[in-house]
Amino acid sequence: MGIFTTKLGIDLGTANTLVFVPKKGIVLNEPSVVAVSLAENKVVAVGNEAKRMVGKTPDTIIAYRPMKDGVIADYRITETMLRYYIKKALGKWNIAKPEVLISVPAGVTSTEKRSVSEASLKAGSKRTYIIKEPILAAIGADIPIYEPTGHMVVDIGGGTTDAAVISLGGIVSSTSVKVAGNKIDQAISDYIKKNYNLAVGDKSSEDIKIKIGSAIPVEKEARYEIKGRDLLTGLPRSIVITTNEVVKAIESELREITKAIKYVLQETPPELAADIIDQGIVMTGGSSLLHNMTELVYRATGVKARVADDALFCVAKGTGIALDHLDTYKKSLTSKS
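1 is the number of the first residue of the sequence shown in the UniProt record's numbering; add one for each residue after it.
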């Protein structure tokens, strides 16, 4: 059955795209992947179906990730992907053009924002609103952003980490770094290649991060068996990797993230900094769920951190809440088209 609505909130991520419908919740959560046939020059699959093809396609089919570091890397493919998700979320019987609200990273340029708006309009939206991810993450995490109080949000997505201090509905200080879940996964895969001469896929690296990863060294290590291709013989082989090896593999990426958090704290006015010390830092996004991530942030900054409820879905939830209360949140809109 189709979902009859004229409002859609879209968390357009580097790794995944989530669509939120007010009063219904998240109706779609699929990888931001598009499979294209080079022979026919056309899209053959989007989302889950395209993700299953990654690394397994013949030479004539390429699986693209049209979003890179939180922004559009391939405009035409992103437009096709958005059209697919908008149609799928609305249902085939709904012909009304929806109002769409889309999230963008805190450090996005006006040109990048315009690209998102244009891609959304061409994909079939009637009107497109753009709000920065930290604001949406805060809304989705039930933070009262319009109070005259400082709140700090750190959103660690697939392509970018956004750190921001929010007060009175606006961003007071922020930064966006192109180090997040994907770079962390890549660091694990590079470590295994360098130390074990084994090539492993993106999915395997992500599994290692989720199952045994930690942001700081641990006394009681977990072990995980991983299968891959031996780079010397070309044959399948498996190895066992431990938690503290993962810590070592990703320490440089996590240092970049904590550096970004410290930078934002240093740029924050003293009165708001005092609020943040009292209330702590709220963390959202998939990689905020990395074991001991809040402890690492505390050690790096001296400020307590906590992971928001439903951390993976805070930005998507924020799009839905903002759409449902546009008058309330219109001060936070960065653009409208």
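Here a beta-carbon is modelled for each residue, glycine too, at the ideal position from N, C-alpha and C.
Coil, strand or helix - Leu-168 by DSSP: coil
So, at 8 angstroms on beta carbons, what are the nonlocal neighbours of Asp-292 in its own chain, with the 5 sequence-adjacent residues on each side left out? It is Asn, not Asp, that sits at residue 292 in the sequence shown. Hits under 8 angstroms: Ser-214, Ala-215, Ile-216 and Val-218.
Quick one, which of Leu-326, Leu-323, Ser-37 and Asp-309 has its alpha-carbon nearest Ile-143's? Asp-309
Helix, strand or coil for Gly-31 per DSSP? The question names Gly, but residue 31 is Pro in the sequence shown. In this structure, Pro-31 counts as strand in the three-state DSSP scheme.
Report the option in Gly-25, Val-43 and Ala-274 whose CA atom is closest to the CA atom of Ser-167. Ala-274
Check whether Ile-276 and Thr-284 have beta carbons under 8 angstroms apart: no
Does DSSP put Ile-62 in a helix, a strand or coil? strand
Mind pulling the alpha helix (DSSP H) runs of 4 or more residues that sit fully within the stretch 118-186? 133-140
Count the other CB atoms, across all protein chains shown, that sit within 10 Å of the CB of Ser-110; report buried if there are 16 or more and exposed otherwise. exposed
My output table needs one value for Asp-190: the three-state DSSP class, helix, strand or coil. helix
For the alpha helix (DSSP H) that Ser-205 lies in, which residues bound it at each end? 202-212
Does Arg-65 pass the burial test, meaning 16 or more other C-beta atoms within 10 Å, or should it be called exposed? buried
Gly-302, DSSP secondary structure in three states: coil
Excluding five sequence neighbours on each side, which residues of the same chain lie with their C-beta closer than 8 angstroms to the C-beta of Ala-73? Arg-65, Pro-66 and Met-67
So, with DSSP's three-state summary, where would you put Lys-24? coil
Answer with buried or exposed for Leu-198, where buried requires no fewer than 16 other C-beta atoms within 10 angstroms of its C-beta. buried
Where Asp-190 falls, given that 16 or more other Cβ within 10 Å makes a residue buried: exposed
Mapping DSSP to helix, strand and coil, what is Thr-6? coil
Spell out a yes or no on whether the stretch 159-178 and the stretch 195-211 are touching, meaning 3 or more CB-CB pairs, one atom from each, closer than 8 angstroms. no
Suppose you measure from the CA of Asp-162 to the CA of Val-177; what does that come to, to the nearest Å? 7 angstroms
In its own chain, which residues sit with a C-beta less than 6 angstroms from the C-beta of Ala-300, not counting the 5 before and 5 after it? Thr-258
Under the rule that 16 or more other beta-carbon atoms within 10 Å means buried, what is Asp-278, buried or exposed? exposed
Counting Cβ pairs, one atom from each stretch, are 3 or more of them under 8 angstroms apart for the stretch 104-121 and the stretch 243-252? no
With a CB to CB cut of under 6 angstroms and the five nearest residues on each side skipped, what residues in its chain are close to Ser-332? Ile-131, Ile-135 and Gly-169
Determine the direct distance from the alpha carbon of Asp-327 to that of Ala-316, and round the result to whole angstroms. 19 angstroms
Please report the distance separating the alpha-carbon of Leu-265 from that of Thr-80. 39 angstroms
Sort Ser-174, Pro-236 and Val-165 by Cα distance to Glu-271 and report the nearest one. Val-165
Below 8 angstroms on the Cβ atoms is my contact criterion, and I expect Thr-149 with Ala-180 to pass it. Report the Cβ-Cβ distance as a whole number of Å. Wrong, their Cβ atoms sit about 27 angstroms apart, outside the cutoff.
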